[in-house]
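Here is the structure we will look at, set down as structure tokens.
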Amino acid sequence: MGEYEEIFRASVADRERFWLDAAGALDWHRAPSQALDDSRPPFYRWFPDGELNVCHNALDRHCGAGHGSRAALIHDSPVTGVKTTYTYDQLRDEVAVFAGVLRDAGVSAGDRVVIYMPMVPEAAVAMLACARLGAVHSVVFGGFAAKELAVRIDDASPAVVVSASCGIEGSRVIEYKPLLDQAIEMASHKPTCQIILQRRQAEAAMGPTDVDWAQACAAASPADPVTVRSTDPLYVLYTSGTTGKPKGVVRDSGGYATALAWSMTNVYDVGPGQTLFTASDVGWVVGHSYIVYAPLLAGATTVLYEGKPVGTPDAGQFWRVASEYGVRSMFTAPTAFRALKKEDPDGELARQYDLSSLKYLFLAGERLDPETYRWASELLDIPVIDHWWQTETGWPIVANPAGIELLPVKPGSPTKPLPGWDIQVLDGDGKQVPPGTNGAIVAKLPMPPGALPTLWNDDDRFVQSYMSAFDGYYLTGDGGYLDEDGYLFVMGRTDDVINVAGHRLSTGGMEEALAGHPDVAECAVIGVADEMKGQVPRGFVVLKSGVDATRDGYEEQLRQELVQLVRDQVGAVASLKDVAVVAALPKTRSGKILRKSMRSIADGTDEPVPSTIDDASVLEALRPTLRKQ
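The sequence shown begins at 1 in the UniProt record's numbering and counts up one residue at a time.
Set out below in structure tokens:
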């Protein structure tokens, strides 16, 4: 039995001991005597009698242990040309002062603060300052539409909103203040004030309830950490809901901090003084967990990057960052690597940098297709680790645990469940399916520390959304299968399973086949309504940079090759005959392809476009192609 198996079995055999031991990695004001309160399922609570402060654990305890001069946060902004390093001492001092600003604005433990910021150090400072006071932050992705921001302000009812004058998306400067002003005007709830960080790229006009960040910090005195209960909320993070009203995922304090600290060592293999570069955004769960909280809890160095994988200015920026800061583990989304592969298919830019420090590449956020896995593996010659998790879970569910032992890789699988996660695949009747059989992926309750205990002010929706489909299980919303070795294969959202003439087929399998073509950079397959067969699949491919589809009938030849690939790998039953070559695929800002929106346009239902869309013009450009029958 390998080390992973031993640790996994220990987490199952004695859950109490396993998680109390893990909690020992933190400083507790009052150490917990009990790991799990399971008296009111499905509302489980972790370390119910424990008390701590997450900000103290992320900053003050490292300073107190003599590590204050160690680099805590590196801000690298190719879009502005600014690079700044904060030591643990410096970051603690900045956070303590801004916590004083919030305190002076009337914020106290339990109050909410909405943070609407770009990828600047002050975003992390604001989050940690809330944690320092025991306040509950709710980060809204900078640049979100005013209407969506207003909905979140009304749901969270913040005492204060923290924002910036602008953000920078590639070459575009987006002014935040007009959007924030519109949102507050639209919202029923009115915060007492807005604290605004002025950026030189576009300074904001200030109103009567606006407070200048720099001036407020100059006048404030530092605030000490406030002790809270382990079960008190640390933050609320909104994720899109099927009803149009966003769901406020609640994250507790002690359980989350315990899970993150455990995962840094055991999953990401990053410890004190080592560097994690997570190329995401603080508006997403990945940014919360692995840009801000987890690296600092571990005493590591985190890189906060303000830029894109490509175009700011080129597709070599990830490699520059990794080389410049001695990054040990890099974490980003598969879509970022598909962008790199499209722009630099031979990896020439990567070879311009010394990447000897880079030991692991972690990818998550969307299914990692085997072709992108192969490209990254061959380019970097290091373990490329696919792992799977969700906003709701807060940290990985399934991964190859680099800090324990690297298990054999099966391309297309994020490997095996991590300790604390009892992952099963069920059919429509709630029965476990045989290995290799597709079904609904679920987690047996209770979920481990770090997972959501409920939704903000909506216990009923929490139960209805996640706990009602199968009694005693959390419904992930993803479909896939476990193989005979216990490896999980996540094939996509359950609504990405299509029914072709009675055959239930995963669009993920068809995408895998299309992605295997040497000229394809990325692809999507959707199921479109069909009178005869119920649904038929339609494919959309983006070609690698330099491939000219218009040359002498190549586009038609390519379509035939792609259709044949799907026929060979999925079978004739897939009935994929329609493949379109397109310039780009519509995505969310976190890189997920908007398959549902594409499907609704193709079916003629035209549901509202999600607020999370990165560039609405891409979807509009695709609309005529989607609507053709």
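Backbone N, C-alpha and C define an ideal beta-carbon position, used for all residues, glycine too. In this text, all values refer to a predicted model and were calculated from it rather than measured experimentally.
DSSP places Val101 in no beta strand (DSSP E) but in the uninterrupted alpha helix (DSSP H) bounded by Tyr88 to Asp104. For Thr372 against Phe337, the beta-carbon gap comes to about 5 Å, under 8 Å, which counts as contact. Per DSSP, Arg551 is not a residue of any beta strand (DSSP E), being assigned neither H nor E. Of all alpha-carbon atoms in Ser108, Ala72, Pro586 and Ala279, the one lying nearest the alpha-carbon of Glu94 is that of Ala72.
A residue is called buried once 16 or more other Cβ atoms fall within 10 Å of its Cβ, and Glu511 is buried on that count. The alpha-carbon separation between Gln424 and Gly509 amounts to approximately 20 Å. Per DSSP, Thr278 lies in no alpha helix (DSSP H) segment; the continuous beta strand (DSSP E) that holds it begins and ends at Thr275 to Thr278. DSSP places Leu297 in the helix class (H, G or I) of the three-state scheme.
As DSSP reads the structure, Cys217 sits in no beta bridge.
Here the alpha carbons of Ala602 and Arg627 stand approximately 5 Å from one another.
Taking Ala183 as the centre and dropping the five residues before and after it, the same chain places the C-beta of Ala146, Leu149, Ala150 and Ile153 closer than 7 Å to its C-beta, in chain order. Contact check for Ala580 against Thr625 passes: the beta carbons are separated by less than 7 Å.
Note on Thr550: under 16 other CB atoms within 10 angstroms of its CB, so exposed under the neighbour-count rule. Going by C-alpha positions, Ala279 is about 37 Å away from Pro208. Distances from the alpha-carbon of Glu392 to those of Ser597, Ile74, Ala451 and Thr605 put Ala451 closest. Distance from the CA of Gly477 to the CA of Tyr466, rounded to the nearest whole angstrom, comes to 8 Å. Taking C-alpha positions only, Lys410 is separated from Thr231 by approximately 38 Å. Relative to Arg559, the option among Asp519, Met598, Trp213 and Leu20 whose CA is nearest is Asp519. Secondary structure of Gln352 (DSSP, three-state): helix. Under the three-state reduction of DSSP, Tyr268 is assigned to coil, being neither helix nor strand. Pairwise C-beta distances place the stretch 98–111 in contact with the stretch 129–139, as three or more of them are shorter than 8 Å. Here Pro435 is exposed. Its C-beta has fewer than 16 other C-beta atoms within 10 Å.
With fewer than 16 neighbouring CB atoms inside 10 Å of its own CB, Asn457 falls in the exposed class.
For Ala71, the uninterrupted beta strand (DSSP E) segment begins and ends at Ala71 to Ser77. In the three-state reduction of the DSSP assignment, Gln194 falls in the strand class, which pools E and B. Around the beta carbon of Ala322, a 10 Å sphere encloses 16 or more other beta carbons of the protein chains shown; the residue is thus reported as buried. Secondary structure at Leu406: coil, using DSSP grouped into helix, strand and coil. Met491 carries a strand assignment under DSSP once its states are collapsed to helix, strand and coil.
Partner residues in a beta bridge of Phe144, as assigned by DSSP, do not exist. CA-CA distance, Val618 to Lys341, rounds to 20 Å. Counting only the Cα atoms, Tyr293 lies some 10 Å from Val286. Contact between the stretch 303–310 and the stretch 247–256 is not established, with fewer than three Cβ pairs separated by less than 8 Å. As the crow flies, the alpha-carbon of Ala616 is around 7 Å from that of Pro586. For Trp389 against Ile397, the beta-carbon gap comes to about 5 Å, under 8 Å, which counts as contact.
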